[in-house]
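Residue numbers (my numbering): 146 to 324.
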């Protein structure tokens, strides 16, 4: 399992939309974005495990990028709903999921809970209406408040993997369930 596997199986299969629909019913309150993001995080972590096992055709940057992209999607969706950003919450989530697979993440920055300025929050909600997949926040990080922008664009190598390898495929999948 890996980022590469996630896209291959879901873009080339017929069950993706049905799977998301069934899971939304079973996991009340979760959006299609949240379900996809969680799956992407888990696949990225499994991809890092496979990378360290030297599994062929599994790349580190795309899988680490997949984790950051999934965490970013969840954080962006939460900011749109409640107008707050918590880097500590994201880091705790990554650490707990990673430890289940014996993957360790190191963090150099700490956050806390930060209120998104009202004008920025309005801008974010307007952008989300225009792009229900939320991918545009990665394509144009200026839509994010500064504290969240640092998280999304902190590593240009990973961001390049996100923009070139993850977003195009993600948009194809998300368009099927974000209507």
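Where is the CB? At the ideal position from N, CA and C, for every residue including glycine.
Where residue i sits in the DSSP three-state scheme
i           : result
residue 198 : coil
residue 268 : helix
residue 241 : helix
residue 322 : helix
residue 258 : strand
residue 185 : helix
residue 278 : coil
Sheet register partners of residue i (DSSP bridge)
i           : result
residue 167 : DSSP output for residue 167 lists no bridge partner at all.
residue 231 : 258
Separation of residue j from residue i, as counted between CA atoms
i           : j           : result
residue 304 : residue 172 : 30 Å
residue 207 : residue 244 : 20 Å
residue 237 : residue 296 : 14 Å
residue 234 : residue 317 : 28 Å
residue 284 : residue 170 : 31 Å
residue 164 : residue 222 : 21 Å
residue 195 : residue 242 : 16 Å
residue 230 : residue 201 : 37 Å
residue 205 : residue 199 : 10 Å
residue 156 : residue 197 : 26 Å
residue 261 : residue 220 : 12 Å
residue 232 : residue 309 : 25 Å
Distance CB(residue i)-CB(residue j) smaller than 9 Å
i           : j           : result
residue 147 : residue 203 : yes
residue 275 : residue 319 : no
residue 186 : residue 149 : no
residue 154 : residue 218 : no
residue 315 : residue 181 : yes
query = So, do the segment 281-294 and the segment 261-270 have three or more beta carbon pairs nearer to each other than 8 Å?
reply = Touching, yes.
Report yes or no: do three or more beta-carbon pairs, one from the segment 182-196 and one from the segment 207-221, lie closer than 8 Å?
Yes, since at least three Cβ pairs between the segment 182-196 and the segment 207-221 fall closer than 8 Å, the two stretches touch.
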